[in-house]
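All remarks here apply to the structure that follows.
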Amino acid sequence: MGLAASRRNLTRASYAGFNTELLRAGSMFRRLSTVGLFTGLLLIGGNKHAAAQSGANVLVVVNDASEASRTIAEYYARKRAVPATNICHLTTSTEDTIERLDFDRQVQGPTGRCIAAMSGQDRILYIVLTKGVPIRIQGTSSGREGTVSSVDSELTLLYRRQLGVNTPIAGPLPNPYFAANLPVNEHAKPFTHERADIFLVTRLDGFTVEDVLGLVDRSGASQKEGRILLDSRASWQASGNTWLKTAAETLKSIGLGDRVELDESSRVLKNGESVLGYYSWGSNDPAIKDRNLNHHFVPGALAAMFVSSDARTFKEPPASWALGETNNPQTYYAGTPQSLTGDLIRAGVTGTAGHVAEPFLDATIRPDILFPAYVTGANLAEAFYQAMPYLSWQTIVIGDPLCAPFRTHVLATEEIAPGMDSATELPALFAARRLKLGGGAAKRDALTAYMRFESRTSRGNAAGARQALEEAGAADARFTPAHLLLGMHYQQEGAIDRAIEEYRGILAYAPNQVMSLNNLAYILAVNRRAPQEALPLAERAVAISKGEPNVLDTLGWIQHLLGKDDDAARSLRMAVSAAPDNVELRWHAAVVFASLEDVAKATSELAAALKIDPKLPDREEDVRKLQESLSARRPSR
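Numbering of the sequence shown is given in numbering that gives the first Met the number 0, commencing with residue 0 and proceeding in unit increments.
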């Protein structure tokens with residue numbers, strides 16, 4: 000089959016060309032996908048230095064499917080002088096929630112490529128998402144081990160993933176930038192990647208575009224004057240109240256006692272004038288009944304609440320909606336009766352944080368860190384992230400990361416991005432981290448050459464990239480990433496003997512390396528027309544991968560070539576069940592069912608493939624032939 004013969008190689012979905020997971024012989028990996036040669040490798044372009052903590056240190060992410068996103072991004076970029084090269088365009092859903100796989104492919108992957116394309120791993124400190132980019136990743140909600148998380152919080156770890164670090168998706172991860180034990184006079188030190196291996200991700204969002212543009216304007220006019228209101232929940236023994244009290248004490252210790260009001264009574268703080276900071280329990284305080292407490296927030300004001308789902312949506316509720324009751328679902332909006340972060344933005348705050356799902360109290364923003372950090376010189380993003388205990392969890396931060404009315408210390412450009420490493424052709428700090436992470440798993444010369452291969456590939460220097468990849472392989476006979484990519488390269492260009500040599504070489508020291516087993520099985524079956532020899536390799540790959548769908552697809556196709564279509568159908572059913580949106584699996588299933596004379600199932604699978612990719616028949620003659628064959632074999636009515 001023409002399409003089957005063009006089946007692409009199997010590799011791990013990764014945002015770094017080099018992944019330390021691959022270095023462990025017989026290692027397993029969480030996710031596999033079919034990708035072409037070099038797909039997913041970092042795209043490295045020329046480095047451009049910029050003024051410290053300016054628009055040049057910001058990457059703005061735009062969802063081209065959302066007019067609101069485009070409008071807000073253009074406005075913010077103009078206001079903050081964000082270079083055009085720092086605008087990252089992607090296309091994804093405009094709904095609040097996105098599936099994990101779509102997040103990887105449509106949001107995280109393109110964002111990583113945008114950063115790498117400008118050699119921005121050191122220089123880009125802040126990622127700013129815009130209204131219209133999903134806020135939540137779909138997952139299980141099994142308490143602290145759940146896989147639901149905010150898009151924003153998950154993107155903070157993109158820096159680590161670009162390094163090749165494997166990050167679990169279940170439960171929260173400790174925030175390395177969390178400043179629980181940092182002296183108050185240290186909070187103002189500007190963020191760089193030397194301090195923490197993450198990006199600080201904020202979002203420009205609100206009920207309407209006008210609300211968001213107003214927030215941007217307030218950021219540009221931020222001021223230092225104003226009061227900080229801390230509203231405890233009366234008669235409630237919870238750590239949140241302790242943090243509010245500690246915040247008041249800390250602010251008093253740095254000379255701001257006359258500007259702080261801590262209320263520990265049952266009354267609600269309302270109608271505040273010139274409010275620079277606000278923190279309360281929101282709808283979790285039974286005394287708070289109103290969505291708008293009529294505070295007058297000054298430009299630059301920060302606010303937050305101890306509320307589990309206050310950022311569950313930025314779709315505006317009806318004007319008649321009021322904070323509801325837990326035992327009365329008729330009072331709910333977007334799934335709960337709780338306060339909404341969007342109301343704080345509408346009320347005039349410049350920065351806030353909320354939660355897309357239950358974070359648990361210990362994961363909420365700590366007011367005793369947030370406000371002292373901000374008023375001693377941290378910018379908006381630094382203040383919120385120093386006060387955030389966990390990442391890969393439920394929190395999102397709303398606001399312009401560069402908002403910093405109290406900042407006095409500015410870093411020199413070279414303190415943020417110390418230039419390029421000539422050996423790897425990557426940003427210097429990022430390159431040093433990559434080499435350190437891989438130092439015990441492969442020889443340094445091999446790692447250096449491999450990283451050089453990535454950068455040359457991205458610049459379109461095919462000959463130089465090939466040379467660097469071969470240098471990496473020659474420097475270390477057991478450097479799996481280099482030899483695997485060499486095998487894929489040879490396979491794609493038709494040098495089958497050399498591809499087989501590379502895959503067999505890997506399997507000689509790593510007999511359970513799934514990608515090598517899978518790819519070797521495929522080329523033996525298809526290119527060498529030796530499916531019987533390929534079968535045990537494919538079966539072993541399936542067993543080791545525990546039924547990964549692309550590996551099942553290889554096994555199913557080999558079984559089909561051997562005339563074992565009943566076995567092939569079983570393999571492909573499992574593959575399709577695990578990855579129903581994979582067009583290649585659907586097409587292969589259609590071929591096998593047609594071979595079994597099961598016209599109905601073949602027609603159904605082909606229809607599913609064409610729904611995913613309507614242009615498939617235009618590219619593949621075999622698809623057109625199968626369409627015609629199935630049409631002729633359908634019983635007439």
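Note that CB positions come from ideal geometry on N, CA and C, so glycine has one too.
Discussion item. Within a Cβ cutoff of 8 angstroms, which residues of the same chain sit near L410, ignoring the five residues on either side of it in sequence?
Written reply: Locating residue 410 in the sequence shown gives position 411, counting from the first residue. Correct list, in chain order: A51, Q52, P189, T191.
Item to complete: Out of T146, A333, A356, point me to the one whose CA is closest to T394's CA.
Response: What you label residue 394 is simply residue 395 of the sequence shown in a count that begins at 1. It is A356 whose Cα lies nearest to the Cα of T394.
Worksheet item: My guess is that V57 and V127 are in contact by the Cβ rule of under 8 angstroms, so how many angstroms apart are they, rounded?
Response: For the purposes of this step, residue 57 is identified with residue 58 of the sequence shown, where counting begins at 1. For the purposes of this step, residue 127 is identified with residue 128 of the sequence shown, where counting begins at 1. Indeed they touch by this definition, with Cβ atoms about 6 angstroms apart.
Discussion item. Which residue wins for smallest C-alpha separation from D399, given the options G213, F206, G170?
Written reply: The residue you call residue 399 lines up with position 400 of the sequence shown. With distances taken between Cα atoms, D399 lies closest to G213.
Worksheet item: To the nearest angstrom, how far is it from the Cα of A445 to the Cα of R465?
Response: The count along the sequence shown starts at 1 and reaches residue 445 at position 446. The count along the sequence shown starts at 1 and reaches residue 465 at position 466. Roughly 14 angstroms separates the two Cα atoms.
Worksheet entry | Nearest-angstrom beta carbon gap, F305 and T363 [assumed within contact, 8 angstroms] | Working through the sequence shown from its first residue, we reach residue 363 at position 364. Working through the sequence shown from its first residue, we reach residue 305 at position 306. Right, their Cβ atoms sit about 6 angstroms apart.
Discussion item. Closest to R451 by C-alpha separation, out of V374, E424, N517, would be which residue?
Written reply: As a working note, residue 451 is residue 452 in the sequence shown. For the residues V374, E424, N517, the minimum Cα distance to R451 belongs to E424.
Discussion item. Given this structure, state the Cα-to-Cα distance separating L360 from N526, to the nearest angstrom.
Written reply: Here residue 360 corresponds to residue number 361 of the sequence shown, with the count starting at 1. Here residue 526 corresponds to residue number 527 of the sequence shown, with the count starting at 1. Their Cα atoms are separated by approximately 58 angstroms.
Discussion item. Can you list, in chain order, the residues of its chain with a C-beta nearer than 8 angstroms to that of N327? Leave out the 5 residues immediately preceding and following it.
Written reply: Taking the first residue of the sequence shown as position 1, residue 327 is located at position 328. In its chain, beyond the 5 residues on either side, P336 have a beta carbon closer than 8 angstroms to the beta carbon of N327.
Fill in: Per DSSP, cross-strand counterpart(s) of D420
Stepping through the sequence shown from its first residue, residue 420 is reached at position 421. In the DSSP output, where bridge partners are listed per residue, D420 has L425.
Worksheet item: Quick one, which of I197, L484, S391 has its alpha-carbon nearest R159's?
Response: On the sequence shown, position 160 is the one that residue 159 refers to. When each option's Cα is compared against that of R159, the closest is I197.
Worksheet item: Are I227 and R266 close, meaning C-beta to C-beta below 9 angstroms?
Response: Within the sequence shown, the letter at position 228 stands for residue 227. Within the sequence shown, the letter at position 267 stands for residue 266. Not a contact, by the Cβ cut-off of 9 angstroms.
Discussion item. By the DSSP assignment, the beta strand (DSSP E) with H354 in it spans what residues?
Written reply: By one-based count along the sequence shown, residue 354 stands at place 355. Start and end: 350-354.
Worksheet item: Among Y74, P426, A467, which has the Cα closest to the Cα of K725?
Response: For the chain, the structure presents residues 0 to 636; residue 725 sits outside this window and is missing.
Discussion item. Rounded to whole angstroms, what is the Cα-Cα separation between H587 and L100?
Written reply: Stepping through the sequence shown from its first residue, residue 587 is reached at position 588. Stepping through the sequence shown from its first residue, residue 100 is reached at position 101. Each residue's alpha carbon lies about 22 angstroms from the other.
Discussion item. Just to confirm before moving on: does the CB-CB distance between V207 and Y384 stay below 9 angstroms?
Written reply: Residue mapping note: residue 207 aligns to position 208 of the sequence shown, counting from 1. Residue mapping note: residue 384 aligns to position 385 of the sequence shown, counting from 1. Rather than Val, the amino acid found at residue 207 in this sequence is Thr. No, Cβ-Cβ distance for T207 and Y384 is not below 9 angstroms.
Worksheet item: With Q490 and N518 assumed to form a contact (beta carbons below 8 angstroms), what rounded beta-carbon distance in angstroms separates them?
Response: Indexing the sequence shown from 1 puts residue 490 at position 491. Indexing the sequence shown from 1 puts residue 518 at position 519. Indeed they touch by this definition, with Cβ atoms about 7 angstroms apart.
Worksheet entry | Under 9 angstroms between C-beta atoms of I134 and D204 | To locate residue 134, count along the sequence shown from 1; it is residue 135. To locate residue 204, count along the sequence shown from 1; it is residue 205. Result yes, Cβ atoms of I134 and D204 sit closer than 9 angstroms.
Practice prompt. State whether the segment 318-326 contacts the segment 369-378, with contact taken as three or more CB pairs (one from each stretch) at a distance under 8 angstroms.
Written response: no
Practice prompt. Examine the Cβ distances between the segment 534-552 and the segment 572-590 and report whether three or more of them are shorter than 8 angstroms.
Written response: yes
Worksheet item: Among the residues of its own chain, which have a CB less than 7 angstroms from the CB of L629, if the five just before and after it don't count?
Response: On the sequence shown, residue 629 is found 630 positions in, with the first residue counted as 1. Around L629: A593, V598, A601, T602, L605.
Practice prompt. Examine the Cβ distances between the segment 455-463 and the segment 477-490 and report whether three or more of them are shorter than 8 angstroms.
Written response: no
Practice prompt. Output the boundary residues of the beta strand (DSSP E) element that contains N62.
Written response: The count along the sequence shown starts at 1 and reaches residue 62 at position 63. Per DSSP, N62 belongs to the beta strand (DSSP E) from 57-62.
Worksheet item: Run through DSSP, which three-state label would H488 get?
Response: Position 489 of the sequence shown holds residue 488. Helix, per DSSP.
Worksheet item: Alpha carbon to alpha carbon, what distance is there between P426 and T447?
Response: By 1-based counting over the sequence shown, the position of residue 447 is 448. By 1-based counting over the sequence shown, the position of residue 426 is 427. Going by the C-alpha atoms only, they are around 13 angstroms apart.
Worksheet item: Where DSSP assigns a beta bridge to D262, which residues make up the other side?
Response: Taking the sequence shown and counting its residues from 1, the one referred to as residue 262 is at position 263. The beta-bridge partner set that DSSP reports for D262 consists of D230.
Discussion item. Please report the distance separating the alpha-carbon of S118 from that of V106.
Written reply: Working through the sequence shown from its first residue, we reach residue 118 at position 119. Working through the sequence shown from its first residue, we reach residue 106 at position 107. When rounded, the distance between both Cα atoms is 19 angstroms.
Worksheet item: Near A568, which residues of its chain fall below 7 angstroms by C-beta distance, leaving aside the five closest residues on each side in sequence?
Response: Here residue 568 is taken as the residue at index 569 of the sequence shown, counted from 1. For A568, where only same-chain residues beyond five positions count, the Cβ hits under 7 angstroms are V591, F592, L595.
Worksheet item: Does the distance from the CB of K223 to the CB of L301 come in under 9 angstroms?
Response: Start at 1 with the first residue of the sequence shown, and residue 223 comes out as number 224. Start at 1 with the first residue of the sequence shown, and residue 301 comes out as number 302. No.
Worksheet item: From which residue to which residue does the alpha helix (DSSP H) around Y502 run?
Response: For the purposes of this step, residue 502 is taken as residue 503 along the sequence shown, with counting starting at 1. From DSSP, the alpha helix (DSSP H) with Y502 extends over 495-508.
Discussion item. DSSP three-state label for N460, please.
Written reply: Taking the first residue of the sequence shown as 1, we reach residue 460 at position 461. N460: coil per DSSP, three-state reduction.
Fill in: Chain-order list of residues whose beta-carbon lies under 8 angstroms from that of L625 (same chain, five-residue window excluded)
Looking up residue 625 in the sequence shown gives position 626. Here the set comprises A589, V590, A593, A601, L605.
Worksheet item: Nearest to M387 by alpha carbon, out of L401, C402, D367, A403?
Response: In the sequence shown, the residue the question calls residue 387 occupies position 388. Cα-wise, what sits closest to M387 is D367.
Worksheet item: Going by DSSP, which residues form a beta bridge with S148?
Response: By one-based count along the sequence shown, residue 148 stands at place 149. S148 is bridged to I136.
Discussion item. So, with DSSP's three-state summary, where would you put G299?
Written reply: Within the sequence shown, numbered from 1, the residue matching residue 299 stands at position 300. Of the three classes helix, strand and coil, the one that applies to G299 here is strand, per DSSP.
Discussion item. Which complete alpha helix (DSSP H) runs does the segment 157-242 hold, if anything under 4 residues is left out?
Written reply: 157-162, 208-219
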